[in-house]
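What follows is a set of notes on a single structure, which appears directly below.
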Amino acid sequence: MSVFQVLKGVRGERVFRIATMGILAFLTLFFIIIVVAMVAYTDWATLISTLISEEILFAIKLSLITATVASIIAIAIAIPVAYAISQAEFPGKNIVDTILDLPIVISPIALGAALLVFSNTPIGRGIENNIIRFVFEVPGIILAQFTVISALAVRLLKSTFDSIDPRYEQVGRTLGCSKLKVFFRVTLPLARDGLIASSILTWAKAMGEFGATVTLAGATTFKTETLPIAIFLSLASADVEKAVAVIFILIVIAAASLIALRKISGRSYQI
8 MSVFQVLKGV RGERVFRIAT MGILAFLTLF FIIIVVAMVA YTDWATLIST
58 LISEEILFAI KLSLITATVA SIIAIAIAIP VAYAISQAEF PGKNIVDTIL
108 DLPIVISPIA LGAALLVFSN TPIGRGIENN IIRFVFEVPG IILAQFTVIS
158 ALAVRLLKST FDSIDPRYEQ VGRTLGCSKL KVFFRVTLPL ARDGLIASSI
208 LTWAKAMGEF GATVTLAGAT TFKTETLPIA IFLSLASADV EKAVAVIFIL
258 IVIAAASLIA LRKISGRSYQ I
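Residue numbers for the sequence shown follow our numbering, beginning at 8 and rising by one.
Following this line, the structure appears as structure tokens:
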């Protein structure tokens, strides 16, 4: 190989590195500019008064409660579902896998509309009239959040179970443990980081859910007003300062979730 070819190769690597780092810098700067623009726009006296207002405190409390309940339900259901998809072979597995992925790619508003339509069917009306009301009620927020985040929880946990060497379970079975005991004593401890990461991410996703929630549960102040709905109501009434204050709350929650994800799960777990 000639000196010219070596120099050409080095130059190509340098150009490639500059190009990739430049794009990285551009995207990072893009998000920084958005945050800085909000900071520059914000009147801090208005921000503080908004954060301690009764309405926003209600929205924070409601968001924390509904997101936590929806996430617990989603993770509890996603664990056996993700394990079955990861480890079991059955007819129509690809179809089932595709169906479970649909909430990830379908618009949340469409999911909320589908839930609203279902509530008007005979089965839905029976549930609404005799068991629990979802439409324009707080349980509707939980149902909407669960519908949106459940697919994400399944996908994250499936990736976790896929990464576990099946030989660990085989060793447990050879030692006389039942399948159930192996799952709880071997598989789940090995899936700890993925389980924690999935819980954090699904909870953060539920906190920011808007489309399905507003479609099914509505946007009623002091009733179904979560933080994203508070932003919507503020912008609808041209109260931009109030909307920016709530946006800051969601940014802080999102940043704290990502920091917790990396702190608890360690550097080995990547999104």
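Glycine is no exception: its CB is placed at the ideal position from the N, C-alpha and C atoms.
Under the three-state reduction of DSSP, Ala198 is assigned to coil, being neither helix nor strand.
Look at Glu96 here: in three-state DSSP terms it is coil, with no helix or strand label. Residue state for Val259 is assigned as helix, using DSSP reduced to three classes. Counting only residues of its own chain and dropping the five nearest sequence neighbours on each side, Leu223 has a CB closer than 6 Å to the CB of Gly119, Leu122, Leu123, Gly147, Ala151. Per DSSP, Ile59 lies in no alpha helix (DSSP H) and is assigned neither H nor E.
A residue is called buried once 16 or more other Cβ atoms fall within 10 Å of its Cβ, and Gly183, having fewer, is exposed.
At least 8 Å separates the beta-carbon of Leu69 from that of Thr194. Under the three-state reduction of DSSP output, Arg140 falls in the coil class, being neither helix nor strand. By the Cβ criterion, the stretch 247-255 is not in contact with the stretch 102-118, since fewer than three pairs of Cβ atoms, one from each stretch, lie closer than 8 Å. The beta carbon of Leu36 is closer than 7 Å to none in its chain, skipping five residues each way along the sequence. Less than 8 Å separates the beta-carbon of Pro115 from that of Glu216.
For Leu182, the secondary structure class from DSSP, reduced to helix, strand or coil, is coil. When only Cα atoms are considered, Val221 and Ala77 end up about 16 Å apart.
The alpha carbon of Phe190 has as its nearest neighbour, out of Thr231, Pro129, Ile86, the alpha carbon of Ile86. Assignment of Ser78 by DSSP, reduced to helix, strand and coil, places it in the helix class. Here the stretch 151-168 lies against the stretch 192-210, with 3 or more beta-carbon pairs under 8 Å apart.
Ranked by how close their Cα comes to the Cα of Ala262, the residues Met214, Ser244, Ala250 have Met214 in first place. Counting of Cβ neighbours within 10 angstroms places Thr231 among the buried residues, the total reaching 16 or more.
Proximity to Ala250 across Arg24, Glu62, Phe23 peaks at Glu62, based on C-alpha coordinates. Where Thr222 is concerned, the enclosing alpha helix (DSSP H) starts and stops at 218-223. Selection Ser170, Arg132, Asp50 evaluated against Arg199 yields Ser170 as nearest (Cα-Cα). Going by C-alpha positions, Ala83 is about 39 Å away from Val46.
Our two residues, Ala245 and Thr227, have alpha carbons roughly 17 Å apart in a direct line.
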